[in-house]
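Reading through the structure tokens given below for one structure.
In the UniProt record's numbering, the protein residues as written are 1 to 306.
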């Protein structure tokens, strides 16, 4: 338990809030912060995010504690009636809930959980709130303003083939932005002409080997997909979360000896890190033996290949 923050039991918190223990437990259940199973109280993911922790007593066993200043009445996201589920969101765009969830997964806002869907870091920035069913499954609700989000609207209009601008904000760096624009100009000046097994056109032998491997693994993937951020930055390859794992980006650093390329590489890696995007990095040392490396790298993100 984090000793830097004073935490008290749910019963003690009830006394502090001038509530009966029963009233507070009912409120916390209604807010989807905790639930009871097999005569034991458990925290939901949202409960953990709100500062709840499991503590242990030698005589009474495990129990839930909260920050001493925690007030559940301040949780605006608890007003579930004001949030959209996938069905309600789908109606706004004349789409099924299944289709909406696929779009939300493709733009990196949600990802498949063991039972249901989980919100990602990008999804939380867009306003998504994760809840847990009494069965243990998870689902995500959204604020009504999400229907005006540029990323979502653009993805719906284009059949979610690519992501448009996102609300994600990253630190502005003029020099970095200019260098990344140079990368886009490079794509325009030197179009991809090398064809892979699945028909993609790429620019190098290394990219051919990577693309062909993804095709052989049976993984749906995109080439040079725009990252779901405001900066005009493109990945080398993108694997959506529909492949029974997390959404993941692949970068092939094939020009390590080039000083300007190396600088661009470091800036690009910081962009991935700042936005919580899953990244697999491949270099020339991996290319000749991709089958020895790539499956293990993919497995770290829950993507199994034969």
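Virtual Cβ for every residue (Gly too), placed ideally from N, Cα, C.
Query raised in the report: Closest to residue 226 by CA distance: which of 193, 294, 234 is it?
Result: Comparing Cα-Cα distances from residue 226 to each of 193, 294, 234, the minimum goes to 234.
Query raised in the report: Does the Cβ of residue 32 have 16 or more other Cβ atoms within 10 Å, making it buried, or fewer, making it exposed?
Result: So residue 32 counts as buried.
Query - Same chain only: Cβ atoms within 6 Å of residue 123, ignoring 5 sequence neighbours per side - result: 109, 110
Query raised in the report: Should residue 283 go down as buried or exposed, given a rule of 16 or more other Cβ atoms within 10 Å for buried?
Result: exposed
Query raised in the report: Can you give the Cα-Cα distance for residue 164 and residue 54, rounded to whole angstroms?
Result: In this prediction, residue 164 scores a pLDDT of 31, lower than 50, which makes its location untrustworthy; no coordinate-derived value is stated.
Query raised in the report: Measuring CB to CB, does residue 206 end up less than 8 Å from residue 100?
Result: Going by C-beta atoms, residue 206 is not nearer than 8 Å to residue 100.
**Report entry** residue 70, DSSP secondary structure in three states
**Finding:** Of the three classes helix, strand and coil, the one that applies to residue 70 here is coil, per DSSP.
Query raised in the report: Is residue 273 helix, strand or coil by DSSP?
Result: helix
Report task. Just tell me which of 268, 197, 215, 192 has its CA closest to the CA of residue 204. Result -> 192
**Report entry** Same chain, Cβ closer than 6 Å to residue 169, five either side skipped, listed in chain order
**Finding:** Only weak support is given to the placement of residue 169: the predicted model assigns it a pLDDT of 34, under 50, and the value that follows is read from those uncertain coordinates. So the list is empty, once near-sequence residues are dropped.
Report task. Closer than 7 Å by C-beta to residue 8: which residues in its own chain qualify, once you throw out the five before and the five after it? Chain order, please. Result -> 65, 66, 68
Query raised in the report: Under a three-way DSSP split, which group does residue 139 fall into?
Result: strand
Report task. Quick one: give me the first and last residue of the alpha helix (DSSP H) that residue 105 is part of. Result -> 97-106
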